[in-house]
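Working notes for the structure below.
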Amino acid sequence: MPRRPAAALATSGEVLRLIRTGEAVTRADIGRVTGLSRPAVSLRVTELLDRGLVVENSEGPSTGGRPPARLAFNASGGVVLVASLGASRTQIAVCDLAGAELARTDLGIDVEEGPDVVLPLVMRTWSDLLGDRPASLVRGVGLGVPATVEFAARRTESARIMASWTGVAIPPIIEESFPVPVFLDNDVNVIAIGEHRAIYAGEADDLLFIKVSTRIGSGVIAGGEILRGALGAAGEIGHIPVRHGGGVLCRCGNTDCLDSVASGTALLKTLRARGHEVKTLADVVALVRAGDAETMTVIRDAARMLGEVVASAVNLLNPAVVVLGGDVAETFQPLVSGVREVVYRRSTALSTRNLRIERSRLGPAAGITGCAHMVLDHILSPEAIDSPH
Numbered sequence: 451m452p453r454r455p456a457a458a459l460a461t462s463g464e465v466l467r468l469i470r471t472g473e474a475v476t477r478a479d480i481g482r483v484t485g486l487s488r489p490a491v492s493l494r495v496t497e498l499l500d501r502g503l504v505v506e507n508s509e510g511p512s513t514g515g516r517p518p519a520r521l522a523f524n525a526s527g528g529v530v531l532v533a534s535l536g537a538s539r540t541q542i543a544v545c546d547l548a549g550a551e552l553a554r555t556d557l558g559i560d561v562e563e564g565p566d567v568v569l570p571l572v573m574r575t576w577s578d579l580l581g582d583r584p585a586s587l588v589r590g591v592g593l594g595v596p597a598t599v600e601f602a603a604r605r606t607e608s609a610r611i612m613a614s615w616t617g618v619a620i621p622p623i624i625e626e627s628f629p630v631p632v633f634l635d636n637d638v639n640v641i642a643i644g645e646h647r648a649i650y651a652g653e654a655d656d657l658l659f660i661k662v663s664t665r666i667g668s669g670v671i672a673g674g675e676i677l678r679g680a681l682g683a684a685g686e687i688g689h690i691p692v693r694h695g696g697g698v699l700c701r702c703g704n705t706d707c708l709d710s711v712a713s714g715t716a717l718l719k720t721l722r723a724r725g726h727e728v729k730t731l732a733d734v735v736a737l738v739r740a741g742d743a744e745t746m747t748v749i750r751d752a753a754r755m756l757g758e759v760v761a762s763a764v765n766l767l768n769p770a771v772v773v774l775g776g777d778v779a780e781t782f783q784p785l786v787s788g789v790r791e792v793v794y795r796r797s798t799a800l801s802t803r804n805l806r807i808e809r810s811r812l813g814p815a816a817g818i819t820g821c822a823h824m825v826l827d828h829i830l831s832p833e834a835i836d837s838p839h
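For the sequence shown, this note's numbering gives the first residue as 451, with consecutive numbering after it.
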């Protein structure tokens with residue numbers, strides 16, 4: 451390996467990155483990769499050891515004599531608090547510095563009750579999940595919320611949808627109880643991050659995640675990174691209008707938005723209007739299993755409309771894989787099959803040549819995984835490690 455100038459990889463943050471990725475696992479490796487002197491390597495490694503980010507043992511490969519000490523990232527050197535809020539169901543967890551769950555609980559929370567009710571409940575749950583772990587171990591906090599999020603400004607922007615959350619700067623509220631970096635993003639963005647990191651990293655770095663649940667949204671992974679757009683509004687697939695939607699008024703104020711005609715809420719509304727007594731998706735599942743023809747027609751219509759919008763997104767973004775997740779997509783295989791059929795028929799030949807359309811493999815766990823990595827990508831970055839603390 452060619453020797454790099456010391457200035458290129460001279461900081462403690464860069465050394466931690468090398469250890470985390472496995473590019474350098476001994477002090478000699480670090481010196482060889484970075485060009486740093488032995489005293490400089492020792493100084494940076496000692497700092498990382500003192501901060502609990504790295505551990506050292508004597509299991510390194512030997513070339514004769516005493517084996518060199520091996521360096522490893524210390525995933526147990528801290529925790530992150532995460533919560534993936536959905537319209538009706540929320541996952542709350544404590545994760546280690548590798549993103550693995552240490553403790554988790556799922557709650558039925560109506561986010562429409564607003565931040566004054568929901569956020570204190572989430573923070574109390576974190577405290578409970580921490581148990582005997584000292585608060586000093588908390589390194590960061592991450593939340594996904596079912597609303598448009600202006601990521602850089604760290605606030606929700608949800609006019610006419612989740613009105614009580616509109617313009618709320620959530621991080622400062624949490625920082626009063628947990629004085630650590632707090633990160634906020636749209637719920638589908640964090641799910642897309644989670645699905646990509648856990649399943650597709652290194653395999654497909656251009657991914658479109660579609661969540662079909664109480665509502666419909668999407669997250670876009672482009673070149674291995676989440677695509678948020680100029681202000682954070684990228685991925686609002688649920689508010690793209692569809693053809694032949696029947697003039698249904700959407701919560702956003704427009705008509706025939708995909709969310710208003712093909713979401714889980716829309717399926718229930720349509721079936722009720724046709725005389726079926728359905729309260730939850732479980733009731734719809736029962737109708738499907740009973741072979742109810744009208745229910746299957748409603749699901750196929752939803753699949754057609756969803757497929758048309760996804761086909762346009764495929765033409766625009768050319769992802770390697772489209773992942774369909776959320777309660778509806780995970781429950782109804784005919785919907786997934788219908789989307790697949792429309793996309794392959796309506797998207798361009800090149801964009802679908804190697805395209806895979808799959809159901810989520812992580813399910814609800816994707817939100818927790820994504821929130822954790824959203825935080826870890828920031829707090830363990832070389833810039834964050836090297837900033838004054």
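The beta-carbon is built from N, C-alpha and C at its ideal position, and this holds for glycine as well.
Inter-residue spacing [alpha-carbon to alpha-carbon] between residue i and residue j
i	j	result
M612	V595	10 Å
S710	G688	8 Å
N804	S668	21 Å
E645	T819	8 Å
L466	S831	9 Å
A770	I671	10 Å
I469	V640	26 Å
A537	L593	14 Å
L677	D500	36 Å
G725	I559	29 Å
H679	A548	Rather than His, the amino acid found at residue 679 in this sequence is Gly. In a straight line, the C-alpha of G679 is about 27 Å away from that of A548.
R583	E686	38 Å
T606	G788	33 Å
N636	L580	25 Å
T471	R574	35 Å
A834	R604	18 Å
V638	V786	18 Å
A456	N704	Because A456 sits at a pLDDT of 43, beneath the cut-off of 50, its placement in the model cannot be relied upon, and the following sentence gives the value as read from the coordinates. The alpha-carbon atoms of A456 and N704 are separated by roughly 57 Å.
L557	L535	9 Å
Own chain residues within Cβ distance below 7 Å of residue i, not counting five before or after
i	result
L531	V544, W576, V588, V591, F628
V572	A533, I542
L721	V728, V734, T745, V748
L552	V529, V544, C545, D546
S801	V764, N765, N768
N-terminal and C-terminal residue of the alpha helix (DSSP H) that residue i is part of
i	result
I749	743–767
L785	783–796
R467	462–471
I559	Per DSSP, I559 belongs to no alpha helix (DSSP H) and is neither H nor E.
T476	Where T476 is concerned, there is no enclosing alpha helix (DSSP H), given that its DSSP letter is neither H nor E.
T496	488–500
V567	565–580
K661	Careful: K661 lies outside any alpha helix (DSSP H), inside the beta strand (DSSP E) at 657–662.
Beta-carbon gap between residue i and residue j smaller than 9 Å
i	j	result
G714	V662	yes
L498	A460	no
V483	A474	yes
A752	V778	yes
P565	W615	yes
F659	A642	yes
A743	R795	no
Beta-carbon contacts of residue i that lie in its chain and below 6 Å, excluding the five residues immediately before and after
i	result
L708	I666, G688, I690, V692, V759
V632	V591, P621, I624, E625
V505	A522, N524
R811	I649
R806	V771
R790	I807
M755	V692, V711, A712
Sequence-distant residues of its chain with Cβ nearer than 8 Å to residue i (five each side left out)
i	result
V738	T745, M746, I749, F782, P784
G813	G775, E780
E808	V771, V772, V773, L774
P700	Sequence inspection shows Cys at residue 700; the Pro mentioned does not correspond to that position. Same-chain partners within the cutoff: H689, D706, C707, D709, S710.
S492	R477
M451	Because the pLDDT at M451 is just 38, under 50, the model does not fix this residue reliably, and the value given afterwards should be weighed accordingly. These residues qualify, in order along the chain: R482, V483.
Counted within 10 angstroms of its Cβ, other Cβ atoms place residue i as buried (16 or more) or exposed
i	result
H823	buried
S837	exposed
T476	buried
V567	exposed
L717	buried
A602	exposed
D578	exposed
S462	buried
L634	buried
G757	buried
A597	buried
Span of the beta strand (DSSP E) around residue i
i	result
S775	For the record, residue 775 in the displayed sequence is Gly; it is not Ser. First-last of the beta strand (DSSP E) with G775: 771–775.
N704	Unbroken run through N704: none, as it is neither H nor E.
I403	With the chain covering 451 to 839 only, the question about residue 403 has no answer from this structure.
V532	529–535
A672	666–672
I542	540–546
9 Å Cβ cutoff, residue i in contact with chain C
i	result
G617	No chain C appears in the structure shown, which is made up of a single protein chain.
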